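Accompanying notes for the structure given below.
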Amino acid sequence: MTAKLFGSATIALAALALQPAGAQQSVKIGFVSTFSGPQAAIGEDMRRSVELAKEHLGGKIAGKPIEIVYEDDQFKPDVGKARSEKLVQQDKVSFVAGYIWSNVLLASLKTVTDEGDTILISANAGPSQIAGELCNKNYFSTSWQNDQTPMAMGDYLNTKGVKSLYVVGPNYAAGKDMLAGVKRTYKGKLLGEDYTKWPDQLDFSAELTKIAQAKPDGIFIFYPGAHGVQFVKQWVQAGLNKTVPLYQVFSIDAITLPQQGEAALGTLGAQEWVNDLPNEQNKRYVADFKKKHNVYPSYYGAQSYDAIMLIASAAEALKGDLSNKDKVRAELKKANFKSLRGDFKFNTNQFPIQNFYIQETVKDAAGMMTVKTIATAVKDGKDAYYDKCSMK
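Residue numbers (the numbering used here): 1 to 392.
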């Protein structure tokens, strides 16, 4: 009996060994984000949306269980790179997704896409370099290129007659891209430009003093997460909310609003996704997220949800066989999934071509702080770097 069992086991193992590489038992996805420290709320919002996407897919893609391996970059480029390397080399994931921060993404890029020949899908960070000269066949984005959202805000400020502007942001890759973006489209007078220490600086009193002295028609900021909370609070404490309107990107959202509260009311921002977009997939996502967590989802979460759905669309089309990377990339390029944004298509550099909206901070019918769409700033926007990409 023992010999018979042993023989059966040997046959089973041999059969498993003969299976093609694409016959893996699960669809394995690595997800890198920040799950500790002051910016952990962003990572948790992304994780919640990934798990909701998994639930909406019934826990399976092409009949195979979805396996998500989460890794904490600890808000540090070197840690993010090491975690990305682990996912590729040790966990043998088919995709690596996530990435909040541009500096973390830039540190991790080649480890995943070149050395690991693994597909990376950014659910947030969009450095200009990757949209242009560093574009890569293994890199896709379900968010935006960093400059695009502030470019949309710059266009809107022109239509509103804002004659002068003071711009402030953090001194790292994304901060430089964001300020470059608004300056590219804004046609008024720039009265000042400050880059603050990142990520350590949370006191903006010196910058606010300079703004008060310059007396601009508006302030433009980019400060994600905890930094956005502090800037908005200090803007109000300095009394500038009564004299200088605040315009922002990625600084007031579902994650920060519970702490910013009524201080943020009436401020305007730009974004490619807003919770009130009227397509059915988005309505379901927002309703189910609120039911589970009693808060609105953020764009970080929406972009993460779309990343999982993009992966699912490719894997389903290939019946779960992910062994041929060329075929996987070809299916991803089709973007044949129901995005929370509605229509979704990729440019040649594999960044989205998409609309950007102006959003206002308001209270909903239940008194909860949120944002609502008030205008479309850009239709079918392409980033400013795609023509520098060698992929055509």
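For each residue, glycine too, the CB sits at the ideal point set by N, CA and C. It should be emphasised that the depicted structure is a prediction, and the values quoted were computed from it without experimental measurement.
Taking the Cα positions, Gly228 is about 8 Å away from Phe222. Within the model, the alpha-carbon separation for Phe31 versus Gly161 is close to 42 Å. About 4 Å separates the CB atoms of Phe289 and Pro297; that is less than 8 Å, so the two are in contact. Annotation for Asp383: Ala131, Gln145, Gln148 and Phe351 place their beta carbon closer than 6 Å to its own, counting only its chain and skipping 5 residues before and after. Closest option to Lys333, judged by alpha-carbon separation, among Thr373, Ala317 and Ile29: Ala317. In its chain, beyond the 5 residues on either side, Ile255 have a beta carbon closer than 6 Å to the beta carbon of Ala41.
Taken through DSSP and simplified to helix, strand or coil, Thr34 comes out as coil.
Rounded to whole angstroms, the Cβ separation of Gln213 and Val232 is 20 Å, and the two are not in contact under 8 Å. Buried is the label assigned to Asp155, since at least 16 other Cβ atoms lie within 10 Å of its Cβ. Sorting Gln25, Arg47, Phe35 and Gly59 by C-alpha distance to the C-alpha of Ala312 places Gly59 at the top. In the DSSP secondary-structure assignment, Glu71 is bridged to Val32. In this structure, DSSP gives Asn146 a state outside helix and strand, which the three-state scheme calls coil.
Nearest to Gln248 by alpha-carbon distance, out of Asn136, Met309, Ala270 and Leu257, is Ala270. Look at Val249 here: in three-state DSSP terms it is coil, with no helix or strand label.
By the criterion of at least three beta-carbon pairs nearer than 8 Å, the stretch 185-203 is in contact with the stretch 163-173. The C-beta separation of Pro127 from Leu105 comes to about 6 Å, placing the pair in contact by the 8 Å criterion.
DSSP places Ser26 outside any beta strand (DSSP E), giving it a letter other than H or E.
Taking Ile374 as the centre and dropping the five residues before and after it, the same chain places the C-beta of Ile358 and Glu360 closer than 6 Å to its C-beta, in chain order. Two segments are said to touch when three or more pairs of C-beta atoms, one from each, lie closer than 8 Å; by this definition the stretch 177-186 does not touch the stretch 202-216. Considered as a whole, the stretch 205-245 harbours 205-214 and 225-237 as its complete alpha helix (DSSP H) runs of no fewer than 4 residues, in chain order.
Met309 sits close to Ala53, with the two beta carbons spaced by under 8 Å.
Judged by beta-carbon spacing, Gln354 lies within the 8 Å limit of Glu272, meaning their Cβ atoms are closer than that value. Between Pro245 and Met369, the CB-CB gap reaches or exceeds 8 Å.
Ile68 is a Cβ neighbour of Val50, given a cutoff of 8 Å.
Within the stretch 111-144, the beta strand (DSSP E) runs of at least 3 residues that lie entirely inside it are, in chain order, 119-122 and 139-141. About 20 Å separates the Cβ atoms of Thr142 and Ala377, ruling out a contact at the 8 Å cut-off. Apart from the 5 residues on each side of it in sequence, Lys137 sits with its Cβ closer than 7 Å to the Cβ of Arg329 and Met391 in its chain, given in chain order. Shown here, Phe344 sits in coil according to DSSP, grouped into three states, outside any helix or strand. In the DSSP annotation of this structure, the continuous segment of the alpha helix (DSSP H) that includes Ile42 starts and ends at Ala40 to His56. As the crow flies, the alpha-carbon of Ala365 is around 17 Å from that of Lys283. DSSP places Leu277 outside any alpha helix (DSSP H), giving it a letter other than H or E.
Here Asp72 really is in contact with Arg83; their C-beta atoms are around 7 Å apart, less than 8 Å. Annotated three-state conformation of Gly80 is helix, per DSSP.
Val182 carries a helical assignment under DSSP once its states are collapsed to helix, strand and coil. In the three-state reduction of the DSSP assignment, Met153 falls in the helix class, which pools H, G and I. If you check the CB distance, Pro216 and Leu240 do not come in under 8 Å.
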